[in-house]
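Student: Numbering (our numbering), first residue to last: 37 to 300.
All residues carry an ideal CB built from backbone N, CA and C; glycine is no exception.
Computed from a predicted model, the values in this text were never measured in an experiment.
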Ligand code: NI
């Protein structure tokens with residue numbers, strides 16, 4: 037069976053020193069492609085650097101709302117440059133976080149808009165981080181109708197999921213779906229269109245059951261897949277085929293130029 041971990045952080049200090057071992061273990065469990073997601077300038081540079089070391093690795097570049105203050109013109113110039121490297125597949129993770137509120141909200145909005153504009157300009161999809169701000173976030177996404185992306189580690193309610201899907205976004209589903217307490221998320225996953233779900237680990241965070249609370253790694257992706265296959269009542273083989281196709285469609289299909297996707 038073949039899988040893609042569409043969101044992991046081999047570029048994070050908890051994994052970076054042993055990324056080769058983590059990649060090996062992932063490949064042993066069938067994870068053939070890993071998208072290494074940036075969250076600030078340094079981690080975005082490390083993500084791009086990793087893609088030069090292994091053909092299994094792809095990168096995204098972006099500045100997380102926690103570090104929104106870092107997103108000045110100089111940083112945006114560097115992101116634009118990094119984003120045009122050959123194995124960069126998206127801008128992210130970007131978004132709004134009103135749960136931890138580690139950056140002032142005005143700065144979060146400014147960084148989010150600037151990076152949505154960059155994604156639109158480069159015709160790249162976006163990887164969205166959102167905590168306790170889905171209504172505000174969906175309003176911003178609606179302002180960029182040509183941009184598509186994934187609502188990473190989706191934690192909104194059923195109605196917010198529906199609105200995200202209507203805007204053309206995918207739901208990123210990770211270890212949380214295996215937690216005992218996550219019945220609301222499991223019910224959303226049961227009814228999500230089959231062509232709109234991406235599997236992800238968010239390693240080193242959010243390890244699935246039975247590793248909850250421990251360091252997560254991409255090798256655990258099949259535990260998440262097993263839970264989704266159960267919810268959809270399909271075989272692991274069928275899930276692999278479907279989710280590989282989904283990852284292909286959003287992240288690994290050469291992107292059209294902004295002119296081509298501009299609506300009449
Ligand atoms: Ni992440």
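List the residues that DSSP assigns as beta-bridge partners of residue 96.
Tutor: Position 60 of the chain shown, counting from 1, holds the residue named residue 96. Bridge partners of residue 96: 73 and 126.
Student: Are the beta-carbon atoms of residue 213 and residue 162 separated by less than 8 Å?
Tutor: As a working note, residue 213 is residue 177 in the chain shown. As a working note, residue 162 is residue 126 in the chain shown. Not in contact: residue 213 and residue 162 (Cβ atoms no closer than 8 Å).
Student: Does the stretch 247 to 266 come within contact of the stretch 196 to 208, defined as at least 3 CB pairs closer than 8 Å?
Tutor: no
Student: For residue 171 and residue 144, what's the separation of their Cα atoms in angstroms?
Tutor: To locate residue 171, count along the chain shown from 1; it is residue 135. To locate residue 144, count along the chain shown from 1; it is residue 108. Using only the alpha carbons, I get a separation of about 15 Å.
Student: What residues are listed by DSSP as bridge partners for residue 164?
Tutor: On the chain shown, position 128 is the one that residue 164 refers to. 130 and 187, per the DSSP bridge assignment.
Student: When the distance is taken between beta carbons, is residue 45 closer than 8 Å to residue 84?
Tutor: The residue you call residue 84 lines up with position 48 of the chain shown. The residue you call residue 45 lines up with position 9 of the chain shown. Cβ distance not < 8 Å, so residue 84 and residue 45 don't count as in contact.
Student: Are there 16 or more other CB atoms within 10 angstroms of the CB of residue 184, so buried, or fewer, so exposed?
Tutor: Working through the chain shown from its first residue, we reach residue 184 at position 148. So residue 184 ends up on the buried side.
Student: Jot down the residue ranges of each uninterrupted beta strand (DSSP E) in the stretch 175 to 236, minimum 3 residues, whole runs only, in chain order.
Tutor: 185 to 187, 206 to 209 and 233 to 235
Student: Taking the alpha-carbon positions, what's the residue 43 to residue 202 distance?
Tutor: By 1-based counting over the chain shown, the position of residue 43 is 7. By 1-based counting over the chain shown, the position of residue 202 is 166. Roughly 22 Å separates the two Cα atoms.
Student: So residue 205 and residue 187 are supposed to be a Cβ contact under 8 Å. How far apart are they, rounded?
Tutor: For the purposes of this step, residue 205 is taken as the residue at position 169 of the chain shown. For the purposes of this step, residue 187 is taken as the residue at position 151 of the chain shown. About 5 Å separates the two Cβ atoms, so the contact holds.
Student: Per DSSP, what are the beta-bridge partners of residue 268 in this structure?
Tutor: Residue mapping note: residue 268 aligns to position 232 of the chain shown, counting from 1. Answer is none; residue 268 lacks a bridge partner.
Student: Is residue 73 near the ligand NI - that is, is its Cβ less than 7 Å away from at least one heavy atom of it?
Tutor: Taking the first residue of the chain shown as 1, we reach residue 73 at position 37. Checking every heavy atom of the ligand NI against the Cβ of residue 73, one is found closer than 7 Å.
Student: Am I right that residue 98 and residue 130 are in contact with their C-beta atoms under 8 Å? What's the rounded C-beta distance?
Tutor: On the chain shown, position 62 is the one that residue 98 refers to. On the chain shown, position 94 is the one that residue 130 refers to. The Cβ separation is near 5 Å, so the contact holds.
Student: Residue 42 by DSSP, collapsed to three states: which one?
Tutor: Mapped onto the chain shown, residue 42 falls at position 6. Strand.
Student: Restricting to Cα atoms, I'd like to know which of 115, 272, 257 and 88 is closest to residue 63.
Tutor: The sequence position of residue 63 within the chain shown is 27, counting from 1. Nearest option by C-alpha distance: 257.
Student: List the residues that DSSP assigns as beta-bridge partners of residue 67.
Tutor: By 1-based counting over the chain shown, the position of residue 67 is 31. Note: residue 67 sits in a beta bridge opposite 39.
Student: Determine the direct distance from the alpha carbon of residue 121 to that of residue 149, and round the result to whole angstroms.
Tutor: Taking the first residue of the chain shown as position 1, residue 149 is located at position 113. Taking the first residue of the chain shown as position 1, residue 121 is located at position 85. Computed Cα separation, rounded: 22 Å.
Student: Spatial neighbours of residue 215 within its chain, please: C-beta separation below 7 Å, excluding the five flanking residues on both sides.
Tutor: Stepping through the chain shown from its first residue, residue 215 is reached at position 179. Closer than 7 Å at Cβ, skipping near neighbours: 245 and 248.
Student: Have a look at 138, 113, 133 and 137 and flag the residue whose alpha-carbon is nearest the alpha-carbon of residue 153.
Tutor: Taking the first residue of the chain shown as 1, we reach residue 153 at position 117. Measuring from the Cα of residue 153, the nearest candidate turns out to be 113.
Student: Whole angstroms is fine: what's the gap from residue 108's alpha carbon to residue 65's?
Tutor: Walking along the chain shown from the start, residue 108 turns up at place 72. Walking along the chain shown from the start, residue 65 turns up at place 29. Going from the Cα of residue 108 to the Cα of residue 65 covers about 40 Å.
Student: Would residue 96 and residue 58 qualify as a contact pair, given that the criterion is a beta-carbon distance under 8 Å?
Tutor: Translated into the one-based positions of the chain shown, residue 96 becomes position 60. Translated into the one-based positions of the chain shown, residue 58 becomes position 22. Their beta carbons are not under 8 Å apart, which means residue 96 does not touch residue 58 by this criterion.
Student: So is residue 59 in contact with chain C if we call contact Cβ pairs under 8 Å?
Tutor: Among the chains in the structure shown there is no chain C, since it carries only a single protein chain.
Student: Take the Cβ of residue 139 as the centre, count every other Cβ of all protein chains shown within 10 Å, and call the residue buried at 16 or more, exposed below.
Tutor: In the chain shown, the residue the question calls residue 139 occupies position 103. Answer is buried; the Cβ neighbour count reaches 16.
Student: Exposed or buried, what is residue 135 when buried is set at 16 or more other beta-carbons lying within 10 Å of its beta-carbon?
Tutor: On the chain shown, residue 135 is found 99 positions in, with the first residue counted as 1. Residue 135 is exposed by the Cβ-count criterion.
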